[in-house]
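Per my numbering, the very first residue in the sequence shown carries number 1; after that it's consecutive. C-beta atoms are modelled at their ideal positions from N, C-alpha and C, and glycine is treated no differently.
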Amino acid sequence: MACSVPDSTDIERERHLRLAQLLVEGGTTALRKFFDNIHPPATLATVLTTKQSQLQQLLNKGILSSTQWSKLYPASGNPESKQFDISLLSALLRNICGILTPTDPFWSTYPPDADISDEANLVRIRMLRNDFAHSTTIRHNESQFEIYWEKLSSALGALGLDKFKIDDYKMRPIGTKDYTSVIQQWVASDGVILEKLDDMASTATRHHEEVKAGIEELLKLKPSIEEVLGLRGRLEELLEFQKYISLEFAVIFPTVSEAPLYILVFT
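Here is the structure:
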């Protein structure tokens, strides 16, 4: 039996998966290793305690999710960097590791190719992750794939990720478990986005209930509205009657001085 040959679309999607897998799994490993060198596991809990107010601001701004916060400050036991996803590690490296000031524009743009410093490689990984997170396609032709792979693998290798592991991500067969693993990790690292979507859904539901309640109140007031309309009709009749009396008054009493007092008051 002849073997089926994957079409070009399948191959392009596989390239995207390989890049995503290297970015999420390899990137997390490299950033964690770099982070642990700055804040070793033995002193991590103490560091996070001293930085809690600063990190609380990131939580309030929505930069950190409540899930990520629970990893930093677990209900029991000490925090462990092996529980931190790539998004959380990136935020910690930017804000509590003394590399650059958090607001430095360097964090938000691709560094020049000639800059091979650790800081530049951290930013490259961050920017590549943002590119993938906002991508409108899950396909890459061979040329695009090689460009992304070179940028990403070079940055990860410079930060200490084993070259054998990098090559393995590029060559090993792709299976269903690989798809599942990458999706789960990507979703976990995008907890902030998911929480914002949940908030939006809750707000929409609340507004729907408020509108529904308002409509129900209006329906309850329907008899009162009909009564008001009835009074309006009666008022119009009275105004017409007043016009009629006024005309009759003009005929019967040509001058105002001849009119009785109650007629003057009415008109």
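Shortest alpha-carbon distance to residue i belongs to which of the options?
i, options, result
"Arg15", "Ser154, Asn141, Ser65, Leu156", "Asn141"
"Trp107", "Ser117, Pro79, Leu122, Ser87", "Leu122"
"Asp85", "Leu161, Lys170, Phe35", "Phe35"
"Arg94", "Thr50, Ser70, Ala120", "Ala120"
"Met127", "Ile116, Asp162, Thr103, Ser90", "Ser90"
"Tyr110", "Phe164, Lys151, Pro102, Lys82", "Lys151"
"Thr101", "Thr49, Pro40, Gln54", "Gln54"
"Gln57", "Pro105, Leu92, Pro112, Asp113", "Leu92"
"Val24", "Ala114, Asp131, Pro40", "Asp131"
"Leu59", "Ile116, Thr50, Leu88", "Leu88"
Is the beta carbon of residue i sitting closer than 8 angstroms to the one on residue j?
i, j, result
"Ala30", "Leu159", "yes"
"Pro268", "Ala42", "Lying outside 1 to 267, the shown extent of the chain, residue 268 is not represented and no answer is given."
"Lys82", "Arg129", "no"
So, with DSSP's three-state summary, where would you put residue i?
i, result
"Asp113", "coil"
"Gly77", "coil"
"Lys51", "coil"
"Thr101", "coil"
"Ala20", "helix"
"Gly62", "coil"
"Ile96", "coil"
"Asn121", "helix"
"Leu161", "coil"
"Thr28", "helix"
"Pro173", "coil"
"Thr137", "coil"
"Pro41", "helix"
"Phe84", "coil"
Please work out which residues of its chain come closer than 6 angstroms, Cβ to Cβ, to residue i, disregarding the five sequence neighbours upstream and downstream, and give them in chain order.
i, result
"Ile297", "Shown here, the chain extends from 1 to 267; a query on residue 297 therefore has no answer."
"Arg172", "none"
"Ile99", "Glu119"
"Asp10", "none"
"Tyr148", "Leu19"
"Asp272", "Summary: the structure shown does not reach residue 272, with the chain confined to residues 1 through 267, and so no result is reported for it."
"Phe145", "Arg15"
I'd like the list of long-range same chain contacts for residue i, defined as Cβ closer than 7 angstroms, with 5 residues on each side in sequence excluded.
i, result
"Ile38", "Cys97"
"Glu12", "Arg139, His140, Asn141"
"Tyr334", "Nothing can be reported for residue 334, as the shown portion of the chain is limited to 1 through 267."
"Ile268", "Past the boundaries of the shown model lies residue 268; the chain is included only from 1 to 267, so the question cannot be answered."
In chain order, what residues of the same chain have a beta carbon less than 8 angstroms from the beta carbon of residue i, not counting five sequence neighbours either side?
i, result
"Gln52", "Tyr73"
"Ile274", "This structure does not reach residue 274, given that the chain is present from 1 up to 267, and the question cannot be answered."
"Val47", "His39, Ile96"
Quick check on the burial criterion: 16 or more other C-beta atoms within 10 angstroms. Buried or exposed for residue i?
i, result
"Ser143", "exposed"
"Ser70", "exposed"
"Phe164", "exposed"
"Thr103", "exposed"
Taking 7 angstroms as the cut-off, does the CB of residue i come closer than this to any heavy atom belonging to the ligand ZN?
i, result
"Ser135", "Looking for the ligand ZN in the displayed structure turns up nothing, as the structure carries no ligands at all."
Kindly say whether residue i, judged by its beta-carbon, lies nearer than 8 angstroms to any beta-carbon of chain B.
i, result
"Asp115", "The structure shown contains no chain B, having only a single protein chain."
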